[in-house]
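Worksheet: one structure, shown below.
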Amino acid sequence: MLYDIGFLIFSVIYLPILVFKGKLHGEFPERFGRYAPSKERVLLSGRDRIWIQAVSVGEAAVCKSLIPLLKEKFPGHDLVVSTITKAGNDLAKRLFSKDAMIIYFPLDFGFAVKRALKYIKPAIYIMIETEIWPNLLNELSRNSIPSVMINGRISDRSIGKYRLVKPFLKTVLSKISSFCMQDTIDAERVVSLGAPSERVKVTGNMKFDAEIPADAVSRDVVRRSLGLNGEEALFVAGSTHEGEEEIIVEAFKELIFEFPKLRLLIAPRHINRVENVEKIIKKSGFEPARVSLLNGSCLPGKTQDAVKAGIACCERRILVLDTIGHLNEAYSAATLVFIGGSLIEHGGQNPVEPAVLGRPILFGPHMFNFKYITKTLLKEGAALQVTGKEDLVNSLRTLLNDPLKRSGLGDNAKRVTEENRGATKKNLEEISEILR
Numbered sequence: 023m024l025y026d027i028g029f030l031i032f033s034v035i036y037l038p039i040l041v042f043k044g045k046l047h048g049e050f051p052e053r054f055g056r057y058a059p060s061k062e063r064v065l066l067s068g069r070d071r072i073w074i075q076a077v078s079v080g081e082a083a084v085c086k087s088l089i090p091l092l093k094e095k096f097p098g099h100d101l102v103v104s105t106i107t108k109a110g111n112d113l114a115k116r117l118f119s120k121d122a123m124i125i126y127f128p129l130d131f132g133f134a135v136k137r138a139l140k141y142i143k144p145a146i147y148i149m150i151e152t153e154i155w156p157n158l159l160n161e162l163s164r165n166s167i168p169s170v171m172i173n174g175r176i177s178d179r180s181i182g183k184y185r186l187v188k189p190f191l192k193t194v195l196s197k198i199s200s201f202c203m204q205d206t207i208d209a210e211r212v213v214s215l216g217a218p219s220e221r222v223k224v225t226g227n228m229k230f231d232a233e234i235p236a237d238a239v240s241r242d243v244v245r246r247s248l249g250l251n252g253e254e255a256l257f258v259a260g261s262t263h264e265g266e267e268e269i270i271v272e273a274f275k276e277l278i279f280e281f282p283k284l285r286l287l288i289a290p291r292h293i294n295r296v297e298n299v300e301k302i303i304k305k306s307g308f309e310p311a312r313v314s315l316l317n318g319s320c321l322p323g324k325t326q327d328a329v330k331a332g333i334a335c336c337e338r339r340i341l342v343l344d345t346i347g348h349l350n351e352a353y354s355a356a357t358l359v360f361i362g363g364s365l366i367e368h369g370g371q372n373p374v375e376p377a378v379l380g381r382p383i384l385f386g387p388h389m390f391n392f393k394y395i396t397k398t399l400l401k402e403g404a405a406l407q408v409t410g411k412e413d414l415v416n417s418l419r420t421l422l423n424d425p426l427k428r429s430g431l432g433d434n435a436k437r438v439t440e441e442n443r444g445a446t447k448k449n450l451e452e453i454s455e456i457l458r
C-alpha cells in the first residue's frame, strides 16, 4: 500500500516533467496496458510468450545476442520486448520488429500491470539487469509465472539506496525465480539485500557476447561515411555526460596542431544534449557537424589550411553523433576510444563494445559502475585510466605517436572479451531449465 501511494505521488510529480520535455508520445497509453487495436489483436492471439524487459538502449542492445538463441531454442514461443524509454523502444523496433512484438513497459500500478498481463500472457518474464518492479513481480508470482533476472548488476550508487528499503526489498526479491548476475560482487550484493542465495549464480556479462559487426571492409565504409580518409585518425568519445565535453574538446584542441590529421567524434549519452554539445564545440572555435547530416559525403576538414589559419577556421574537425544505435559503428571506425561518464562521478559507461572491436580504450577515474570489467581491462593491459585533462592529453599523445602501443591495447582488449564470452548461453540454459 505504501509503495503504491509513493509511486502514485512520484508519477503525479513526474508527469509535468514528461510534458515539459516532450516525452509524451502516441504510444504512451501502453504504459497503462492500453494498446492500439492492431497491436491488441496480435497480443490476444499470441501463445506461450517469453516477455523480455529491456529498459533502454543499452539493455535493448544486449538482446541482440539473446533473441536469436531464444527463437532457435523455443520456436513455439512468441516474443515480447518491452522498454521504458522511447530511445530504447525505437532501437528495439529497428532491431527486433520481425522477431518480437515491441511494447512499452506498464507503469507499476496494480491495474496497469494486471491489464498488461491479460494481453501478454507470458510463460516467463525476463528482466535485463536490475529491473525490480514490486507490483509486477507480485502479480507474476500470484499467477505462478516465473521471472528471471539476467545480466544482473547492482552498482555502487544503487546498493546504498536499496539498503534503505531492505526489509521491503527482501520480500520483493523472494518473488524472483532466478538471479543470473554479472560477477561475484553483484551476486554478493543481491544476496545481502535478501535474494535467496540458492537462486543466485554468476553467469557473466552478456555484453561480452556482442557481435563484431565490422570487418576491415565495413570499417572502411563507416570511415568513408564520416568523411575520413585513410590517413586521418579518429578519436571517439562515447556516451559522454554533461561536464565532460568541455574537457574532451580542450584536450583535442591541444593536440590538433601536433596531429593535424586527428579528428574527434563526440557521442553524448543522451541524444537531447546534442545542441548543448554543439554550443560547447563552437565556443572552442570549431564548427561541429552532425553525423545524420553527412549523408556519407562529408569532406575532410581543411587540415593544413586550418592549422595555418588557426583553430577558428577548422571545418568539420569535430563530429557529433546525433542518432540512436550507431555508437558501435563509430567505435568500429575509431583509432582511439574514450569511455564517457568517467571524468565525472557518474560511474562510467560500459567499455565492452569498443573492447569487442579491439579498439584502444581510455577512461577517467570514475568507473565504479563497472568495477569488474575495469579491473580486468587494466590488469590485462587492455585500457588506460586517466586522472583528468592533462593526463588525457598526454596519454592520447603517447598513443598517437606509438602505433604498436595502440595495437597492443586493442589486441589485449579483444582477447579479454573473447575469454569472457558465453554469458548469454549460460543464461539461456537457466531460462530453459525454468521453462521446463
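Just so we're aligned: the sequence shown equals residues 23 to 458 in the numbering used here.
Think of the CB as a built atom: it goes at the ideal place given N, C-alpha and C, for glycine as much as any other residue.
Remember, predicted model here, so these are calculated numbers, not experimental data.
Same chain only: Cβ atoms within 7 Å of T398, ignoring 5 sequence neighbours per side
Cβ neighbours of T398 beyond the five flanking positions: V438.
State the Cα-Cα distance for the pair D208 and R116, rounded to the nearest angstrom.
Counting only the Cα atoms, R116 lies some 31 Å from D208.
List the endpoints of the continuous beta strand (DSSP E) containing E351.
That residue, E351, is in no beta strand (DSSP E); its alpha helix (DSSP H) goes 349-355.
To which residues of the same chain is R241 closer than 7 Å at the C-beta, ignoring the five residues directly before and after it?
The answer, listed in chain order, is S354, A355.
Can you tell me whether D70 is buried or exposed? The criterion is at least 16 other CB atoms within 10 Å of its CB, across all chains shown.
exposed
Please report the residue range of the alpha helix (DSSP H) in which S60 lies.
59-67
Check for me: the alpha helix (DSSP H) holding G260 runs from which residue to which?
No alpha helix (DSSP H) contains G260, which is instead part of the beta strand (DSSP E) from 255-262.
Chain-order list of residues whose beta-carbon lies under 8 Å from that of K93 (same chain, five-residue window excluded):
L101, D121
How long is the line joining the alpha carbons of S104 and E412, rounded to whole angstroms?
Going by the C-alpha atoms only, they are around 43 Å apart.
According to the Cβ coordinates, are T357 and A259 closer than 7 Å?
no
Sort out for me which residues DSSP pairs Y126 with in a bridge.
Its beta-bridge partners are T105.
Who are the near neighbours of E351 in its chain, counting only those whose CB is closer than 6 Å to its CB and skipping five residues on each side?
Counting only Cβ-Cβ distances below 6 Å, and skipping sequence neighbours, we find V244.
What residue does the beta strand (DSSP E) around N173 start on, and which one ends it?
169-174
Looking at the strands, I want to know which residues DSSP matches up with P310.
I340
Taking 7 Å as the cut-off, decide whether the C-beta atoms of G410 and N391 are in contact.
no
Under three-state DSSP, which class holds F96?
coil
Would you mind sorting E375 into buried or exposed? The rule is 16 or more other CB atoms within 10 Å of its CB.
buried
For F281, which residues of its own chain have a beta-carbon under 6 Å away from its beta-carbon, when the five flanking residues on both sides are left out?
L422
Kindly list the residues whose CB is nearer than 7 Å to the CB of G363, restricted to its own chain and excluding five residues on each side of it in sequence; keep chain order.
S261, H263, R291, G369, G370, Q371
Local Cβ density within 10 Å of G48, reported as buried at 16 or more and exposed below that:
exposed
Residues near E367 in its chain [Cβ-Cβ closer than 8 Å; skip 5 each side]
H388
How about S199 and V170: are their beta carbons less than 7 Å apart?
yes
Residues in the same chain with beta-carbon distance under 6 Å from S319, minus the five sequence neighbours each way, listed in chain order, please.
Interpretation of S319 is limited by its pLDDT of 45, a score under 50 that renders its predicted location unreliable; the figure taken from the coordinates is listed afterwards. Exclusion of the five residues before and after S319 leaves no residue of its chain whose Cβ lies closer than 6 Å to its Cβ.
List the whole-angstrom C-beta distance separating A300 from V342, where the pair is believed to meet the contact cut-off of C-beta under 8 Å.
The sequence as given places Glu at residue 300; Ala does not occur at that position. Indeed, because the Cβ distance is near 6 Å, the residues count as touching under 8 Å.
If you draw a straight line from the alpha carbon of G252 to that of P425, how long is it in whole angstroms?
15 Å
Considering V415, what are the terminal residues of the alpha helix (DSSP H) in which it resides?
411-423
Beta-carbon separation (whole angstroms), M203 vs V212, contact threshold 8 Å
Cβ-Cβ separation between M203 and V212: approximately 6 Å, consistent with a contact (criterion under 8 Å).
In terms of residues, what are the limits of the alpha helix (DSSP H) holding V299?
296-305
Nearest-angstrom Cα separation, counted from N416 out to I89
42 Å
Identity of the residues DSSP links to L287 by a beta bridge
By DSSP's assignment, L287 forms a beta bridge with V258, L341.
May I ask which residues mark the beginning and end of the beta strand (DSSP E) holding I383?
383-385
Going straight from the alpha carbon of D130 to that of R428, what length do you get?
47 Å
What is the rounded straight-line gap between the Cα of I146 and the Cα of F385?
38 Å
Using DSSP bridges, identify the partner residues of P19.
As shown, the chain starts at 23 and ends at 458. That puts residue 19 outside it, with no answer to give.
Based on the DSSP output, what are the partners of C85 in its beta bridges?
Paired residue(s): none; C85 is not in a bridge.
In whole angstroms, what separates the C-alpha of L321 from that of I154?
Interpretation of L321 is limited by its pLDDT of 38, a score under 50 that renders its predicted location unreliable; no figure is taken from the coordinates.
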